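Notes to accompany the following structure.
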Amino acid sequence: MRVNILQHTPEEGPGAIRIWAHARGHQVYVYHPAQHGKLPSAAETDLLVVLGGPISPNDDAPWIAAERYLMREVMAAHKPIFGACFGAQQIAKLLGATVSPAPVKEVGWAPVTRQADVIPGLPAQLKVLHWHQDMFALPDGATRLFASEQIRNQGLVVNDNVVGLQFHLEVTEDNVHAMVVNDGDYVADSVLHQTAQSIETTPVPDENRAAMFQILDYITRS
């Protein structure tokens, strides 16, 4: 399987997604559309991963619209898509839902609660890393997968092959270090009231990687 990953900023890498892909014997290709303007074709994509970044699907950069066009083609071919943060917002916008500023800024570690039993084996609650201040409405036909105390739509499932998460389930310890040292000022004014240092020193829960693997196995039928 060819796993095509769209990465939008250096500090938000694929983390546990890359680990999963290598463990399953898949090939990984990482594209940087914001920097180089290049995207794979739908035909050469077996799994499309759309990562986060400091942009909005509502921005007018040409690559953002081009990325959604690719996602539409992949979805039409009933191939799997996983989106994290900005990637989840791209999925929602592609399906006609709104993406808008959230009433609060969520940055730091906080729990999300599972809202549906669509994907077998997911825990009822996970402590995850939030790094956002936008939110998406739930598109028609999508199932709400997770919610947090602050923001109701934290995850969505579409059919049996598309999942978007507003939070960062994919992060490893190294990813958290990179996000904090490069973008630590972003924690200011978060409703979670955590410091960059406390975020960086919080261990990534082992169950997060297991849940990430379960989601990817589900959408790829691994």
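No gaps in the numbering here: position 187 of the sequence shown is 187 in UniProt numbering, and each next residue is one more.
Heads up, the beta-carbon is just placed ideally off N, CA and C, and yes, glycines get one too.
Please read these numbers as outputs of a predicted model, since none were measured by experiment.
Cutting at 7 Å between CB atoms, please list the residues of its own chain near residue i, excluding the five before and the five after it.
i: L122; result: R114, A211, Q214
i: E207; result: P123, L126
i: N58; result: V99
i: L129; result: W109, F167, H168, V171, V176
i: E200; result: V176, H177, V180
i: H132; result: C85, E106, Q166
i: P54; result: T9
i: E44; result: R2
Since I believe residue j is in contact with residue i (beta carbons under 8 Å), could you give me their beta-carbon distance rounded to a whole number of angstroms?
i: I91; j: V162; result: 6 Å
i: W63; j: P101; result: About 22 Å; that fails the 8 Å criterion.
i: V118; j: S148; result: Contact flag wrong, Cβ pair sits at about 18 Å.
i: R209; j: A16; result: 5 Å
Within this structure, are the beta carbons of residue i and residue j separated by less than 8 Å?
i: A42; j: L70; result: yes
i: L51; j: H8; result: yes
i: V158; j: A178; result: no
i: L48; j: R68; result: no
i: D174; j: S56; result: no
i: Q194; j: V187; result: yes
i: T202; j: P80; result: no
i: G96; j: D140; result: yes
Once the 5 residues before and after residue i are set aside, which same chain residues still bring their CB inside 8 Å of it?
i: N182; result: P10, E11
i: V191; result: V104, K105, E106, Q150
i: V28; result: V3, I5, P14, R18, A21, H22
i: R72; result: L94
i: residue 224; result: Examination of residue 224 is not possible in this model, given that the chain is present from 1 through 222 alone.
i: L39; result: L6, Y31, P33, W63, A66, E67, L70
i: residue 230; result: Here the chain has residues from 1 to 222 only, and residue 230 is not among them.
Is residue i helix, strand or coil when you go by DSSP?
i: T220; result: helix
i: Q7; result: coil
i: E106; result: strand
i: T194; result: In the sequence under discussion, the amino acid at residue 194 is Gln, which differs from the Thr named in the question. In the structure shown, Q194 sits in coil (DSSP, three-state: anything other than H, G, I, E or B).
i: Q115; result: coil
i: G184; result: helix
i: D59; result: coil
i: P33; result: helix
i: R152; result: coil
i: H78; result: coil
i: R144; result: strand
i: A84; result: strand
i: M179; result: helix
i: H132; result: strand
i: H26; result: coil
i: K93; result: helix
i: Q166; result: coil
i: L70; result: helix
Given residue i, which residues of its chain have a CB within under 6 Å of its CB, disregarding the five upstream and five downstream residues?
i: G87; result: V50, L51
i: T98; result: A137
i: G155; result: L145, F146, L165
i: D46; result: M1, R2
i: L216; result: W20
Is residue i near the ligand GDP, judged by its Cβ being under 7 Å from some heavy atom?
i: M212; result: This structure lacks the ligand GDP; in fact it carries no ligand of any kind.
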